[in-house]
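Numbering (UniProt numbering), first residue to last: 1 to 108.
See below:
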């Protein structure tokens, strides 16, 4: 079974390490207790949206980018193929798709 909190923790740790930041630096910048952030990164605690936003800001990374990475990893674990470009699933009614413009989603 996939735990979302584990994937979130893995992604946060990966972004932190890519930025060359220590756990202490990020926790301090985000005003989060060091031990708590450590537990979040290890998937032992669930972070609130406020904590996630503060950590994302401390990492100078949009929260949408962090959650996008989490989503992609979950899709891989679930055995789904991750689309290279935004697509509308076949299950969405045609009348809702008529105004869909994938290039707007790709702007980031």
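Glycine included, every Cβ here is placed at the ideal spot set by N, Cα and C.
query: Contact the segment 65-81 vs the segment 1-18: 3+ CB pairs below 8 Å; result: yes
query: For residue 60, the three-state DSSP class (helix, strand or coil); result: coil
query: Between the CA atoms of residue 59 and residue 49 - distance to the nearest angstrom; result: 15 Å
query: Alpha helix (DSSP H) segment containing residue 29, residue limits; result: 23-30
query: Straight-line Cα distance separating residue 35 from residue 47; result: 13 Å
query: Unbroken alpha helix (DSSP H) run spanning residue 9, endpoints; result: 4-18
query: Residue range of the unbroken alpha helix (DSSP H) whose run includes residue 38; result: 34-41
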